[in-house]
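Novice:
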Amino acid sequence: MKIRRHQRAWSAALGCLLVPAVLSACGSSGTSSSSKPHLVLYNGQHLQTTNSLVQAFEKKTGITVAVRSDDEAVLANQIITEGSRSPADVFYTENSPALEEVNSHGLLSKINPSTLAQVPPQDSSPTGHWVGVTKRVTVMAYNTAAVTKAALPKSILDLADPKWKGKIAIAPSETDFQPIVTSVYDKVGKAATLTWLEGLKANAGSHVYPDNESMLAAINSGQVELGVIEQYYWYRLGAEIGQAKMHSAIAPFVVGDPGYLSGVSGAGVLKSSKEQAAAQEFVAFLVSKQGQRIIASSDSFEYPLVDGVGTPKGEPAFSSYDPTPLDVKALGTGATALALLKEAQLL
Amino acid sequence: MSQGVLERTSKCLRTSRAASHPSRILVVIGWLIALCAVAPIAFLLSQAIAVGWAALSAILFRQLTLTLLINTVEMTVLTTSAAAVLGVGAAWLLERTDVPARRLLFVVLLVPAAIPDFIETFGWVNAAPWLRGLWGSVFVLSLATYPFVMLPVIAGLRRVDHRREEVARSLGASTVRVFWRVTLPEIRVAIAGGCLLVALQLMAEYGSFEMLGFRTFTTEIFTAFKVGFDSALACALSLVLVVLSALVVRTEASVSERQPFGVGSEVVVPHRLALGWRRWLCLLGLVGLALLALGVPVGSIVSLLADPGGSTLPAASLWGAVGHTLAYATSAAVLATAGATALGLSSYRARSWLARVPSTMALVPLAVPGVVIAFAFTYASEHYLASHWYQSTPLLIVAYTVMFLPLALIGVRTSLAQVPASLTEAAASLGAGRARQFVRVTLPLITPGLGVAFALVFLAVLTELTATLILIPTGATTLATQFWAYQSSIAYGQAAPYAAAMIVLAGIPLALLTGLGERARRRAP
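Chains V and B are the protein sequences, given in the same order.
My numbering runs 243 ahead of the 1-based position in the first sequence.
My numbering runs 16 ahead of the 1-based position in the second sequence.
(1) Note the first and the last residue of the continuous beta strand (DSSP E) segment covering ASN386 (chain V).
(2) If you count every other CB in all the chains shown that lies within 10 Å of the CB of LYS378 (chain V), and 16 or more means buried, which is it?
(3) What residues from chain V crowd round PHE241 (chain B), counting only those whose CB sits closer than 8 Å?
(4) Taking ILE486 (chain B) as the query, report the chain V residues whose CB atoms sit under 8 Å from its CB, ordered along the chain.
(5) If you follow the alpha helix (DSSP H) that GLY139 (chain B) is part of, which residue opens it and which one closes it?
(6) Helix, strand or coil for PRO398 (chain V)? Go by DSSP, reduced to three states.
(7) What are the start and end residues of each continuous alpha helix (DSSP H) run of 4 or more residues lying completely inside the stretch 289-313 of chain B, in chain order?
(8) Could you list which residues in chain B have their beta carbon closer than 9 Å to that of ARG328 (chain V), in chain order?
(9) My guess is that GLN474 (chain V) and VAL382 (chain V) are in contact by the Cβ rule of under 8 Å, so how many angstroms apart are they, rounded?
(10) Just the C-alpha distance for LEU521 (chain B) and LEU342 (chain B), rounded to the nearest angstrom, thanks.
(11) Pick helix, strand or coil for LYS305 (chain V), following the three-state DSSP scheme.
(12) Tell me whether GLU337 (chain V) is buried or exposed, calling it buried when 16 or more other Cβ atoms sit within 10 Å of its Cβ.
(13) Can you name, in chain order, every residue of its own chain whose Cβ lies under 6 Å from the Cβ of THR161 (chain B), other than the five neighbours on each side?
(14) For LEU485 (chain B), which residues from the same chain have a beta carbon less than 7 Å from its beta carbon, with the 5 sequence-adjacent residues on both sides left out?
(15) What are the residues that DSSP puts in a beta bridge with THR567 (chain V)?
(16) Using the Cβ count rule (16 or more neighbours within 10 Å means buried), how would you classify VAL467 (chain V)?
(17) So is ILE86 (chain B) buried or exposed if we call it buried at 16+ other beta carbons inside 10 Å?
(18) Short of 7 Å in beta carbon distance, which residues of its chain neighbour GLU586 (chain V), apart from the five on each side in sequence? Order them along the chain.
(19) Leaving aside the five residues before and after ILE170 (chain B) along the sequence, list all residues of the same chain whose C-beta is less than 7 Å from its C-beta, in chain order.
(20) Grab the span of the alpha helix (DSSP H) containing VAL471 (chain V) for me, first residue to last.
(21) Helix, strand or coil for ILE488 (chain B), going by three-state DSSP, please let me know.
(22) Please report the straight-line C-alpha distance between ALA337 (chain B) and ASN346 (chain V), rounded to a whole angstrom.
(23) Run down chain B in chain order and give the residues with a C-beta less than 7 Å from the C-beta of GLN533 (chain V).
(24) In whole angstroms, what is the alpha-carbon distance linking THR81 (chain B) and LEU282 (chain V)?
(25) Residues of the stretch 496-515 of chain B in Cβ contact with chain V at a cutoff of 7 Å, in chain order, please.
(26) Please list, in chain order, all residues of the same chain as ILE306 (chain V) whose beta carbon is under 8 Å from its beta carbon, the five residues on each side excluded.
(27) Looking only at C-alpha atoms, which of B:PRO513, B:LEU121 and B:LEU125 sits nearest to TRP335 (chain B)?
(28) Count the other CB atoms within 10 Å of the CB of TYR546 (chain V); is the residue buried (16 or more) or exposed (fewer)?
(29) Mind checking ASP323 (chain B): buried by the 16 CB within 10 Å criterion, or exposed?
(30) Measure from the C-beta of TRP296 (chain B) to each C-beta in chain V and report whether the shortest distance is under 8 Å.
(31) Since I believe PHE238 (chain B) is in contact with SER153 (chain B) (beta carbons under 8 Å), could you give me their beta-carbon distance rounded to a whole number of angstroms?
(32) Who are the near neighbours of ARG204 (chain B) in its chain, counting only those whose CB is closer than 7 Å to its CB and skipping five residues on each side?
(33) Leaving out the 5 sequence neighbours to the left and right, which residues in its chain are closer than 6 Å to ALA319 (chain V) when beta-carbon positions are compared?
(34) Would you kindly work out how many angstroms separate the C-alpha atoms of GLN535 (chain V) and LEU359 (chain V), rounded to a whole number?
(35) Hey, how far is the Cα of SER491 (chain V) from the Cα of GLY481 (chain V)?
(36) Once the 5 residues before and after GLU136 (chain B) are set aside, which same chain residues still bring their CB inside 6 Å of it?
Set out below in structure tokens:
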């Protein structure tokens, strides 16, 4: 008798547990019945940037957008594995190599010429398969208690100098690092780039971070003195933790230095998408005046690519910087940078 | 928990003329489940073969691989040893001495078992950002994992006949000598079983080491996927990890095979060692351990909850994430437990390899990183299912089930091995069919094992991140995905409620286990 009662309680418990599972399964398989198109956005860009854009787009067009966020390179891998049956309609990334990689598998449609015309041609795909959406500048972030402005290095190449041993941080697996490596490679060639990477690795020691966010947090809290990031990370951290807790500052390298560059984020339409028109409409929205104004006024702190829509709050005008624009064609899929990083045993 | 125990016990049972002939259907089901479980390995191998040996050896035989190997082995050995010392020390004090407040301390010291490792790390890193690298990792993770040694050792100490210790003591042996020569050999199997769980967990851990800035095979496999568009590199590294884990499993099995003394079957209330004034010192030590393992991380999360700060990230629904997490974790836990039961039934006490092999095969996915399994599912649904079910709840749950079936199997097999064959034989002789034997005899006896299986899988799904991000239905979130979205953007204030919710949900299986354990103990005499 005892056993039987026990058993009944157990199966009742199992029953209770299964109900929510079944309900959730039904919930997610139910498709929306509205006639408006529905888009799936694979988002490798920061949520701050994407979210306000998506909301405004949905409000304006009535087209719904489901956002799937992950690291841009994981999503690129995922789209390539999914192949011609990818559920994604639009792919929006933080850097251009992820888009170039997907495009090299022939998975992107051409962007409408009217969309491409909104932004400077050098900031979009050389073949017209994706359009640039935002831009940013590479800068040094340094802890103000540890380093004075006068003691800052002039060039990114100086960071390999032994005098910075134990003082700098790197995030070699961050996709933002590849453009920097490519830029150094273009300037000094393969052998010198490798020596430079070895020096960086030796100087960083255990201060190797998985991403720019955690690297900047470590610099700001004084774990380490200096690192190279893109300018918007610093403004975003300030908005996140409050100005009172900011113990760091940013500064660019000297003009013409391979560490003083600007890069773009971009978006492309998947060839396999069954909603080509709506997907093109979404991408066009990203570079429209309205979309660019949202970028300029949101918490993203990236610069809009279109002129005349304002500057993110608290940031100097983009024209106050003088970076070398990174050639998206030279950057390509990032294969050169990756090979160098592997050879230096950083990846 | 220990497989060594399983193997030994089932060996005894096997030799006692109790060999069973599981029904053919069950064996077929067992093979189907096992084939599903090893399918991701086939994906790994096919990717590795596609790359070719030359490229593969260039990836494998280089400085970084050696560094990772040293890192992973060093960290696993040091952390597991530290966890073993903490776990055994705490267990011995709680079970064999008159240290005050034992019952309360037992519960408090057990709670970190239900806190996901990366939440424990999150709490610590937030409180002490200078904790980094090898020693930081050893410190934080031994605090997070020692309960997995403490729990089986306490169970072991309760089973062991303590009168042998008293005999040794009466013959003039010192406390230390008694512990080394008598107690330790008897609980060796329990320690090895606990260490196995800890070591496998550490080798598969991703989040904690990302936060602590320590590179292991698992973090690097994820990085390879993340930056390189390089699944070949990831697959090559995963194969090394599979081999490493197999070595750990093998070592544990060999330690557990040599059990010196018989285990007392009688439950005897042990005589506790009077520590005198030293009991207060020991109390201080245990309270200190509780403070480090529970106080600091939980305190740090609570302080974040109290002062969330501003944020640039969009707010998300905590309740939506709780709902999805609960649904996924319970369904996968139920499915994995059911699968493990079928596998266990088809293989336990079976003589033929045909029936035994599947349950060994199904252990393999434990060593394969989640991101690899997820890509195997993506690949399979693209190539064989025409992308039907892709990124749907059912497929996600199946993926979880495959990933965590080994955990369920470990839980189920232990208790299956303890079902006396005589009982099912008696039922059979009274005319009960196989199904009836199972429902009326076996099932009630293995309920505690099912509870353990359910709890282990539930906890694992609760904290899974990398496979979830790839396979979850678009638009759905879990506690882990939201926690990571915020944590990786340094929005610690916004991440904190998700950490707290995970701790609360993780308490469910812990309470379930404690409840089942209590019931079993009450029924024992």
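From the three backbone atoms N, C-alpha and C, an ideal C-beta is built for every residue, glycine too.
Note that the structure is a prediction, hence the values are computed from the model and not measured.
Specialist: Answer, in terms of the structure:
(1) As a working note, residue 386 (chain V) is residue 143 in the first sequence. For ASN386 (chain V), the enclosing beta strand (DSSP E) has its first and last residue at 374-386.
(2) Residue mapping note: residue 378 (chain V) aligns to position 135 of the first sequence, counting from 1. Only buried fits LYS378 (chain V), as 16 or more other CB atoms lie within 10 angstroms of its CB.
(3) Translated into positions along the second sequence, residue 241 (chain B) becomes position 225. Around PHE241 (chain B), the beta-carbon contacts reaching into chain V at under 8 Å are ALA316, VAL317 and ASN320.
(4) The sequence position of residue 486 (chain B) within the second sequence is 470, counting from 1. Within chain V, the residues near ILE486 (chain B) are ASP313, VAL317 and GLN321.
(5) Stepping through the second sequence from its first residue, residue 139 (chain B) is reached at position 123. It spans 133-143 - the alpha helix (DSSP H) in which GLY139 (chain B) sits, taken as one unbroken run.
(6) Taking the first residue of the first sequence as position 1, residue 398 (chain V) is located at position 155. What sits at residue 398 (chain V) in the sequence shown is Ser, not Pro. Three-state result, SER398 (chain V): coil.
(7) The alpha helix (DSSP H) runs lying completely inside the stretch 289-313 of chain B and spanning 4 residues or more are 294-306, given in chain order.
(8) Start at 1 with the first residue of the first sequence, and residue 328 (chain V) comes out as number 85. Those are SER397, GLU398, ALA402, SER403 and TYR406, listed as they occur along chain B.
(9) Counting from one through the first sequence, the residue named residue 474 (chain V) turns up at place 231. Counting from one through the first sequence, the residue named residue 382 (chain V) turns up at place 139. Yes, they are in contact, since the Cβ atoms of GLN474 (chain V) and VAL382 (chain V) sit about 5 Å apart, within 8 Å.
(10) Your numbering for residue 521 (chain B) matches position 505 in the second sequence. Your numbering for residue 342 (chain B) matches position 326 in the second sequence. Straight-line Cα distance between these residues: approximately 8 Å.
(11) If you number the first sequence from 1, residue 305 (chain V) lands on position 62. A small correction: the amino acid at residue 305 (chain V) is Gly; Lys does not occupy that position in the sequence shown. For GLY305 (chain V), the secondary structure class from DSSP, reduced to helix, strand or coil, is coil.
(12) Residue mapping note: residue 337 (chain V) aligns to position 94 of the first sequence, counting from 1. By the neighbour-count criterion, in which 16 or more other beta carbons inside 10 Å mark a residue as buried, GLU337 (chain V) falls on the buried side.
(13) Counting from one through the second sequence, the residue named residue 161 (chain B) turns up at place 145. ALA99 and VAL214.
(14) Residue mapping note: residue 485 (chain B) aligns to position 469 of the second sequence, counting from 1. Same-chain partners within the cutoff: THR497.
(15) In the first sequence, counting from the first residue as 1, residue 567 (chain V) sits at position 324. Paired residue(s): V:LEU504.
(16) Along the first sequence, read from residue 1 onward, the residue named residue 467 (chain V) stands at position 224. Buried: at least 16 other Cβ atoms inside 10 Å.
(17) Position 70 of the second sequence holds residue 86 (chain B). Counting C-beta atoms within 10 angstroms of its own C-beta, ILE86 (chain B) has fewer than 16 neighbours from the protein chains shown and is therefore classed as exposed.
(18) Walking along the first sequence from the start, residue 586 (chain V) turns up at place 343. Contacts found: LEU437.
(19) Locating residue 170 (chain B) in the second sequence gives position 154, counting from the first residue. Contacts found: ALA107, LEU110 and GLU111.
(20) Position 228 of the first sequence holds residue 471 (chain V). VAL471 (chain V) -> not in any alpha helix (DSSP H); beta strand (DSSP E) instead, spanning 469-473.
(21) Within the second sequence, numbered from 1, the residue matching residue 488 (chain B) stands at position 472. Here ILE488 (chain B) carries a coil assignment [DSSP, helix/strand/coil].
(22) In the second sequence, residue 337 (chain B) corresponds to position 321, counting from 1. In the first sequence, residue 346 (chain V) corresponds to position 103, counting from 1. If you draw a straight line from the Cα of ALA337 (chain B) to the Cα of ASN346 (chain V), it comes to about 34 Å.
(23) For the purposes of this step, residue 533 (chain V) is identified with residue 290 of the first sequence, where counting begins at 1. Residues of chain B passing the Cβ test: none, with the nearest at roughly 19 Å.
(24) Position 65 of the second sequence holds residue 81 (chain B). Position 39 of the first sequence holds residue 282 (chain V). For THR81 (chain B) and LEU282 (chain V), the distance between alpha carbons rounds to 42 Å.
(25) Listed in sequence order: ALA501, SER504, SER505, ILE506 and ALA507.
(26) Residue 306 (chain V) sits at position 63 when you count from the first residue of the first sequence. Closer than 8 Å at Cβ, skipping near neighbours: LYS279, PRO280, HIS281, LEU282, PHE300, ALA521, GLU524 and PHE525.
(27) Along the second sequence, one-based indexing puts residue 335 (chain B) at 319. When only C-alpha atoms are compared, the closest one is B:PRO513.
(28) Your numbering for residue 546 (chain V) matches position 303 in the first sequence. Buried, since its Cβ has 16 or more Cβ neighbours within 10 Å.
(29) Taking the first residue of the second sequence as position 1, residue 323 (chain B) is located at position 307. Exposed.
(30) By one-based count along the second sequence, residue 296 (chain B) stands at place 280. Output row for TRP296 (chain B): interface = no.
(31) On the second sequence, position 137 is the one that residue 153 (chain B) refers to. On the second sequence, position 222 is the one that residue 238 (chain B) refers to. The pair is not a contact, with the Cβ atoms about 16 Å apart (cut-off 8 Å).
(32) Mapped onto the second sequence, residue 204 (chain B) falls at position 188. Correct list, in chain order: VAL271.
(33) Looking up residue 319 (chain V) in the first sequence gives position 76. Taking C-beta separations shorter than 6 Å and ignoring five residues to either side along the sequence, the partners of ALA319 (chain V) in its chain run ALA341, GLU344 and VAL345, following chain order.
(34) As a first step, residue 535 (chain V) is located in the first sequence; it is residue number 292 there, counting from the start. As a first step, residue 359 (chain V) is located in the first sequence; it is residue number 116 there, counting from the start. Computed Cα separation, rounded: 14 Å.
(35) Counted from its first residue, the first sequence places residue 491 (chain V) at position 248. Counted from its first residue, the first sequence places residue 481 (chain V) at position 238. Cα to Cα, the separation comes out at about 10 Å.
(36) Taking the second sequence and counting its residues from 1, one reaches residue 136 (chain B) at position 120. Listed in chain order, the non-local C-beta contacts of GLU136 (chain B) below 6 Å within the same chain comprise ALA160 and PRO313, local neighbours out to five positions each way being set aside.
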